[in-house]
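Heads up, the thing below is written out as structure tokens.
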Amino acid sequence: MLPRLIGLKGIMVETEKVSTEETLLAAFGDKRVTGKMAALFFALTWALQINLIFCLTYEWPDFLNRILAMKEILMSCFATSGYFIQNDMIILENKLIKSYIQNVKHHNTSIERDRLITDTNKFIKWFSVVSIGAFKILFIFGGCLPMMQVSIVLARAYFTGGKLENVPFVVYVYVPQRFRTISGYLTAQLLCLTWYGFVLYIWGLIYKTMYLISAKCVETEMDLLCQSMNEIGAMSASGQESILVYKSDTKNVQGNDDDKLRQFFSSVIRHHQHILRSMALLSKHLKLVIVTFINIYGLLSCLYMIFVMKMKETGIRIKYAIIYMEIMVILYSCTKIGQVIKNKILKATYTYFNVANEFLK
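Here the sequence shown is numbered in UniProt numbering, starting from 1 and rising by one per residue.
The following block contains the structure:
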């Protein structure tokens, strides 16, 4: 009876692990902006950029309008770069994140390793939802609420016959005099809302896949490497049995068995080489993201602060204040993970020297 219970428990644990892997993989593979959607996106982007050139020319004497036009030009550059970064996102998603999810189970050979892997799995599940939610909030406050204001102002003008003055906007564009009608303003802002939705959708997927989750996978790999070296140090100090880095290495390792210890070291070295390849891949495909997101979005955040202080309309000031705060959170999370990886490198180096010192004693 007891063997049957043990076997049943093993099957349940294995099923749970497969379920976890499938759940994590299901969080990725989102539909990209390609084909007809890409054609529509670029048509809207180019039309907006041409419009903003005229807008900057006509509105140059007015300080706030000039800053608004410059902000939208930066936003259009941000949008265009996001489209091309999608290719880097697919590579990192397939070669780094999905590879990690499918292969990390081979490292789960101790309680401490299981804790590290479980924590990362929870983070991937949590952040895959939160990251998309963050950009949905940006769409609500930066797109839907302004569009609602536009609709209210235009409806009021339609029913009362009032003049169309100080019409709100989703994206600030130049509307020629002959098109400053209810239908003209409504069409322009609906197109702007569509374009704004494209931008946030593209960058929401990039933020979810490329930066924090891919970097978190590399961070966990480094923690597992440190754990491997700590186990080697424990073997040297106590001479007790330890476990191998990979489940495929089924034999236990004796601290005084040179051949088996060499096998353990070989596993650690292979793991270290894998981490170096992952970091090189991460560095290669995050260059454009860092330049675009940190620099262009950083400039946008400065302009948002100007709008919060200078704009007369309370609604617009609240809109930019909320967007500014969320951007600061996103920028902080992106810069923090870089420092975390740097600290992990120092930790791995420190652990290596400690282990080497144990063997030299």
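The beta carbon of each residue, even a glycine, is placed where N, CA and C say it ideally should be.
Residue i versus residue j - alpha carbon distance
i: residue 52; j: residue 73; result: 7 Å
i: residue 83; j: residue 136; result: 18 Å
i: residue 276; j: residue 150; result: 52 Å
i: residue 39; j: residue 352; result: 52 Å
i: residue 3; j: residue 109; result: Residue placement at residue 3 is poorly supported in this model, since its pLDDT is 44, which falls under 50; the coordinates are not used for a value here.
i: residue 121; j: residue 152; result: 45 Å
i: residue 164; j: residue 157; result: 7 Å
i: residue 340; j: residue 37; result: 37 Å
i: residue 198; j: residue 314; result: 27 Å
i: residue 270; j: residue 139; result: 44 Å
i: residue 203; j: residue 141; result: 16 Å
i: residue 33; j: residue 21; result: 26 Å
i: residue 291; j: residue 116; result: 31 Å
i: residue 299; j: residue 333; result: 17 Å
i: residue 344; j: residue 78; result: 31 Å
i: residue 335; j: residue 294; result: 9 Å
i: residue 264; j: residue 220; result: 19 Å
i: residue 123; j: residue 133; result: 15 Å
i: residue 177; j: residue 166; result: 14 Å
i: residue 162; j: residue 42; result: 36 Å
i: residue 99; j: residue 280; result: 15 Å
i: residue 285; j: residue 70; result: 28 Å
i: residue 104; j: residue 119; result: 13 Å
i: residue 66; j: residue 346; result: 47 Å
i: residue 129; j: residue 329; result: 16 Å
i: residue 278; j: residue 266; result: 18 Å
Contact set for residue i: own chain, Cβ-Cβ below 7 Å, skip 5 residues either direction
i: residue 310; result: 64
i: residue 175; result: 184, 185 and 188
i: residue 205; result: 30 and 89
i: residue 272; result: 225
i: residue 113; result: 107, 224 and 227
i: residue 348; result: 222, 225 and 226
i: residue 80; result: 45
i: residue 101; result: 21, 24 and 25
i: residue 143; result: 170, 193, 196 and 197
i: residue 248; result: Low per-residue confidence applies at residue 248: pLDDT is 43, beneath 50, and the placement is therefore not dependable, though the value from the model is reported in the following sentence. Excluding positions up to five away in sequence, the list reads 106.
i: residue 364; result: Because the chain is modelled from 1 through 361, residue 364 falls outside the range shown and cannot be assessed.
i: residue 54; result: 174
i: residue 68; result: 172
Close Cβ partners of residue i (< 8 Å) along its chain, the five nearest in sequence each way excluded
i: residue 282; result: 92, 96, 214, 215 and 218
i: residue 48; result: 72, 76, 171, 173, 192 and 195
i: residue 182; result: 154, 157, 158 and 164
i: residue 190; result: 147
i: residue 212; result: 127, 131, 333, 334 and 337
i: residue 58; result: 174
i: residue 180; result: 164
i: residue 301; result: 324, 327, 328 and 331
Residues of its chain near residue i, where Cβ-Cβ distance is below 6 Å and the 5 sequence neighbours each way are ignored
i: residue 192; result: 170 and 171
i: residue 288; result: 85
i: residue 320; result: 304, 307 and 308
i: residue 200; result: 135, 138 and 139
i: residue 131; result: 207 and 208
i: residue 317; result: 308 and 311
i: residue 160; result: none
Alpha helix (DSSP H) segment containing residue i, residue limits
i: residue 301; result: 297-310
i: residue 189; result: 182-206
i: residue 136; result: 111-139
i: residue 156; result: 145-160
i: residue 108; result: Here residue 108 belongs to no alpha helix (DSSP H), and DSSP marks it neither H nor E.
Could you say if the segment 295-311 and the segment 320-338 meet the contact criterion of at least three C-beta pairs nearer than 8 Å? As far as the Cβ criterion goes, the segment 295-311 touches the segment 320-338, which means the pair count is three or higher.
Segments assigned alpha helix (DSSP H), at least 4 residues, entirely inside the segment 18-82: 35-58
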